[in-house]
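Notes for the one structure printed next.
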Amino acid sequence: MAFNHHALSFRQTLKMFGDVVAVDHVTLDIESGSFIALVGASGSGKSTLLKTINRLVEPDSGSVLYEGEDVRCADPSELRRRIGYVFQGVGLFPHMTVAENIGIGPRVAGSRLSAERVAELLVGVELDGGYAGRMPHELSGGQRQRIGVARALAADPNILLMDEPFGALDPVTRDALGKRVRALHDRLGLTTVMVTHDMAEALLLADRVLVMAAGTIEADCTPAELLSGKGGDVAQELVAVPRDQAKALAGIVQ
Ligand code: ADP
Ligand code: MG
6 MAFNHHALSF RQTLKMFGDV VAVDHVTLDI ESGSFIALVG ASGSGKSTLL
56 KTINRLVEPD SGSVLYEGED VRCADPSELR RRIGYVFQGV GLFPHMTVAE
106 NIGIGPRVAG SRLSAERVAE LLVGVELDGG YAGRMPHELS GGQRQRIGVA
156 RALAADPNIL LMDEPFGALD PVTRDALGKR VRALHDRLGL TTVMVTHDMA
206 EALLLADRVL VMAAGTIEAD CTPAELLSGK GGDVAQELVA VPRDQAKALA
256 GIVQ
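Per the numbering used here, the very first residue in the sequence shown carries number 6; after that it's consecutive.
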């Protein structure tokens, strides 16, 4: 794995929607191989920042670099092949089978995933190959999210972007899927950016936690740094939630 090498860089990246500054001059480097959690309140700019990476959003000024190259210079379809993306809300096509959903990216690019490859991707997210022929409405929420991850990995990307991938899941499923994605990240040598509003999930899964507020990166810390009180007020307010819950739970068994 190539460390000391930036997979992604933001340089004064600015995106406005009318008068709203969604992403406010963000400058940031993300090391290759790292697992980043992007945390913050609703409306803080997390999704917009993520979408500047694969050009679903074009910045008004500043730039975004993928392995040192400005993403504006990259062919968008090639960029999306190298950058897997799990949408907020997953967004499977309801009239397509699981296999067709997983293969949609390659198909748009003019190639076809083999049945073996679909089965391999399903195994990667701990689903039996028999799910390939199912329709999305025949799946549980957790299974749909797994398909979303499999689809993002179909073209063998080196970067995985996930926008609140475990949003609407029950806590047990959410925990299992989080661990599974972290294991895939490690095994495939990915660089991962996961948006979440759940600080506990961020602390447990990520190497580095970015806290966003009003379009800016308010804190950029390791989980250990956050747990030792660093990162400032906004970050510490978020860390206080799982910490107080853990304390309250510990209190019950005494
Ligand atoms: P988050 O993902 O942290 O909830 P977003 O990046 O979705 O935040 O949104 C940041 C801000 O930009 C919000 O004020 C939101 O209303 C606004 N915004 C996001 N996308 C659009 C859009 N397509 N049109 C207008 N405003 C938008
Ligand atoms: Mg969002």
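Cβ coordinates follow ideal geometry from the N, Cα and C atoms, glycine included.
It should be emphasised that the depicted structure is a prediction, and the values quoted were computed from it without experimental measurement.
By DSSP's assignment, L165 forms a beta bridge with G89, T197. Fewer than three beta-carbon pairs drawn from the region 175–193 and the region 103–123 are found closer than 8 Å, and the two stretches are therefore not classed as touching. Around the beta carbon of H190, 16 or more other beta carbons sit within 10 angstroms, so the residue counts as buried. At least one heavy atom of the ligand ADP lies less than 7 Å from the C-beta of K51. Placement of the Cβ of A207 at a distance of 7 Å or more from every heavy atom of the ligand ADP is found. Contact check for V130 against A155 passes: the beta carbons are separated by less than 8 Å. In its chain, beyond the 5 residues on either side, D212, R213, V214 have a beta carbon closer than 8 Å to the beta carbon of T227. Checking the DSSP bridge columns, you'll see S14 partnered with D34, L70.
For D65, the secondary structure class from DSSP, reduced to helix, strand or coil, is coil. A check of alpha carbon separations from P99 across D65, G138, A114, V123 identifies G138 as the nearest. Straight-line measurement puts the Cα of F40 at about 29 Å from the Cα of P141.
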